[in-house]
Structure formats: structure tokens, C-alpha cells
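Notes to accompany the following structure.
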Amino acid sequence: MSKILVATEKPFAPAAVKGIKEILEKEGYSVVLLEKYTEKKQLLEAVADVEAIIIRSDKIDKEVFDAAKKLKIVVRAGAGYDNVDLDEATKHNVCVMNTPGQNSNAVAELVMGMLVYMNRVRFSGKSGKELKGKTLGIVAFGNVGQNVARIAKGFGMEISAYDAFPNKAKFEEYGVKYVACEKELFANNQIISLHAPATPETIKSINYDLVMSMPKNGIIVNSARKEIIDEEGLLRAMKEREDLTYITDIMPTNNDEMVAALGDRYFSTPKKMGAQTGEANANAGLAAARQIVGFLKNGEERFRVNK
Ligand code: 3PG
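In UniProt numbering, the protein residues as written are 1 to 307.
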């Protein structure tokens, strides 16, 4: 019986795992679970005889592909696939897919929740600020950015967005102002929400100059990837500008320095939790299971991301 591995260092909700199993077992596959693993060795052993793997932010590199002799497909249950070495996948004749859009509402809700939390002074009872009437600039207007815009509209915010590959129809649909350059977006919005993937073009792109150009009392919210931040530049800018705030769902490498230097103007979740809801786990996990069945049974490649 062909084996399919669910390898999640950060596990799905139990109901999502149950749903994944049901879909795959009904099609005659046996499902192997590797959750909360702490060492790469465990992953290398688990992949040895499986045809497919469902992952989240789990790192799939050359060593994993070398160890997975029967592997045909990896599905990243989620949006960003910077954790998978696509060239190695192609060299090993393995298809890689993601499940775009499936967890984006969860991430967007967390963005708004963190904004409310920080604007209300961490629910401390001190007098805070409202979001209504504030300007919001969205970097990358994909699935998560669009969900943030939808919810932010309800808060009465004024929304603009920048996208390297803009789909103008989406800007119209969400009633969001299109801004042609990132510099302009940072200079004109009190709150910036980051949704860009980590690519050679975006890595360290949120730098000292961009941060310094923000209006007074600017806030940056990052629910995308820590790699897109130039951490040294951000810290330097925030030391010089005591009015700025940084909120992130991806703990920076220099977290300790940030805490020490910025105090209340900085907040990071302890572990990335944007997509960590039962609904998002089920949406992304079940989509991943269905995509595996479609690929293995019928050669469907709709969400393939490697060549
Ligand atoms: C994604 O790219 O889908 C999100 O960053 C969620 O990642 P996670 O599955 O590791 O929570």
C-alpha cells in the first residue's frame, strides 16, 4: 500500500488530521504521521518509503529528497514555499505544490487582532488608539492582503496597496487604492502590513530608508516572513525614531535586541500562529490531501510551483 506522510513540526488541529486521513485512506493510501518532531533525523527516517508528503513550514532540502527514494509529490499546506528547495525537487523528479488562499483569512484576522492589541496598549487598561480613519498600506496584494483589506474596511480604515505584479481588477474589487511604488506606500500610510513572500527580490527589502520614511507614529505589521526584513536596518531606524512600532508574527533573529531596545514598541508572537486555526488547518490540510490524490491518480498539476 502506498504511504503518504504528514510531517508537521507545528501540528494541524486534530480534526484536520482526521479529515486528511479520511480523504487519503478512502483512496487506498496509508497515512503516516510525524508531528512535533525535534530532529531532522526523524524526518529523514520517515520519508524513506513514502510517495507523498504534506508539510507546513517544514524544511525540505536536498538531504530530505535524497532520503526519499519513492517520493513523487510534496504539498505545502499553505501559501509560502520558501522552505522547499524547488531546484532539488525538480532534479529528483518530485512535484511541489502549495494550497494558495486556504489559510489567508486566519492570517488576516491575526493581523487585525495584533493591531487592536497593540493600539489598545496590550489590553492594559491604559488609553489607546482606534483604527477607524487610519491609513493602511498593504505590501503585496495577494490572498492575505485582500483579506486584510476586506476586514480593515469594516474598521473604517483608508486602504492602499502596492504589488510587484498588480492585478488591477482586485484593487477595484476591494476598493483599494493602487500605489505604484513601495516607497510611496511607506511614506503615506500610518500602518503598513507586510504580505510579500521571501524571494531574492524581497529578502531584506524592508530596510532602514523605508522604515525611516514612515509618518509619525508609524506601525509595521509583519505576518509574512522574517527574511523580508533588514533586521539591522529596522532596529537602527526604530532606535532613531522613538514613535515607531513593530509587530510581528515571525520572531526576528535579533528578538532579544529588539526587546531590550524597543520595549513596548515591539511585539512578537512566540511562534508563528497566523495560520494556526482549526479552520485554516482543515482548509489547507484537506486541500493538500485532495491535490495529492489528483496528482497521483490523474496527473493533475494545477498548483504545481516547480518546473
Ligand atoms: C503560509 O505560508 O501559508 C503561512 O506562513 C503559514 O505557515 P504555517 O503553516 O507554518 O503556519
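The beta-carbon is built from N, C-alpha and C at its ideal position, and this holds for glycine as well.
Item: Suppose the cutoff is 8 Å on Cβ atoms and the five residues either side in sequence are ignored; what does the same chain contact list for I23 look like?; Value: L286, A289, R290 and V293
Item: Tell me the DSSP bridge mates of S160?; Value: G137 and K177
Item: Can you tell which of F165, A15 and Y29 has the C-alpha that lies nearest to the C-alpha of G278?; Value: A15
Item: When you compare only the Cα positions, how much space is there between F123 and Y117?; Value: 6 Å
Item: Using beta-carbon positions only, say whether residue 362 and M112 come within less than 8 Å of one another.; Value: Because residue 362 is not part of the residues shown, which for the chain are 1 to 307, the question remains open.
Item: Does the separation of the CB atoms of A140 and A106 fall below 8 Å?; Value: no
Item: Check M97 in the structure and name its three-state DSSP category.; Value: strand
Item: Hey, how far is the Cα of A46 from the Cα of K62?; Value: 15 Å
Item: Among the residues of its own chain, which have a CB less than 7 Å from the CB of R120, if the five just before and after it don't count?; Value: G128
Item: So K272 packs on D256, CB below 8 Å; how close in whole Å?; Value: With 8 Å as the limit, K272 and D256 do not qualify as a contact, their Cβ atoms being about 18 Å apart.
Item: In angstroms with no decimal places, state the Cα-to-Cα distance between I159 and G101.; Value: 20 Å
Item: CA-CA distance, I220 and L5?; Value: 37 Å
Item: Three or more beta-carbon pairs under 8 Å between the stretch 235–246 and the stretch 202–217, yes or no?; Value: yes
Item: Whole-angstrom Cβ separation of S223 and L194, contact assumed at under 8 Å?; Value: 7 Å
Item: Rounded to a whole number of angstroms, what is the C-alpha to C-alpha distance between A260 and H92?; Value: 45 Å
Item: Evaluate D163 with the Cβ neighbour count: other Cβ atoms within 10 Å of its Cβ, from every protein chain shown; 16 or more gives buried, anything less gives exposed.; Value: buried
Item: Return the CA-CA distance between Y266 and M258, expressed in angstroms with no decimal places.; Value: 7 Å
Item: Quick one: what does DSSP say F12 is sitting in, helix, strand or coil?; Value: coil
Item: Between E35 and T8, is the Cβ-Cβ spacing less than 8 Å?; Value: yes
Item: For a test of the three-state rule: what should DSSP assign to T248, helix, strand or coil?; Value: strand
Item: What does the Cβ neighbour count give for D230, buried or exposed, with the cut at 16 atoms within 10 Å?; Value: buried
Item: Thinking just about the alpha-carbon of each residue, which of E301, S205, L296 and F155 is nearest to the one in Y29?; Value: L296
Item: In terms of residues, what are the limits of the alpha helix (DSSP H) holding I107?; Value: For clarity, residue 107 is Val in the given sequence; the question names Ile instead. Run containing V107: S104 to N119, per the alpha helix (DSSP H) assignment.
Item: With distances taken Cα to Cα, identify the nearest neighbour of R76 among L110, K10, L262 and N189.; Value: K10
Item: Distance cutoff 8 Å, beta carbons only. Does A161 sit that close to anything in chain B?; Value: The chain inventory of the structure shown lacks chain B, comprising one protein chain alone.
Item: Starting from N222, follow its DSSP beta bridges and name the residues at the other end.; Value: L194 and T248
Item: Can you tell me whether I238 is buried or exposed, with buried defined as 16 or more other CB within 10 angstroms of its CB?; Value: Correcting the residue type first, residue 238 is Met in the shown sequence and not Ile. Answer is buried; the Cβ neighbour count reaches 16.
Item: The ligand 3PG heavy atoms versus the CB of R302: any closer than 7 Å?; Value: no
Item: Check whether the Cβ of A79 sits closer than 7 Å to any heavy atom of the ligand 3PG, and report yes or no.; Value: yes
Item: Quick one: residues in its chain with C-beta nearer than 6 Å to the C-beta of K226, no 5 flanking neighbours on either side, listed in chain order?; Value: I250 and P252
Item: Please classify R302 as buried or exposed, where buried requires at least 16 other C-beta atoms within 10 Å of its C-beta.; Value: exposed
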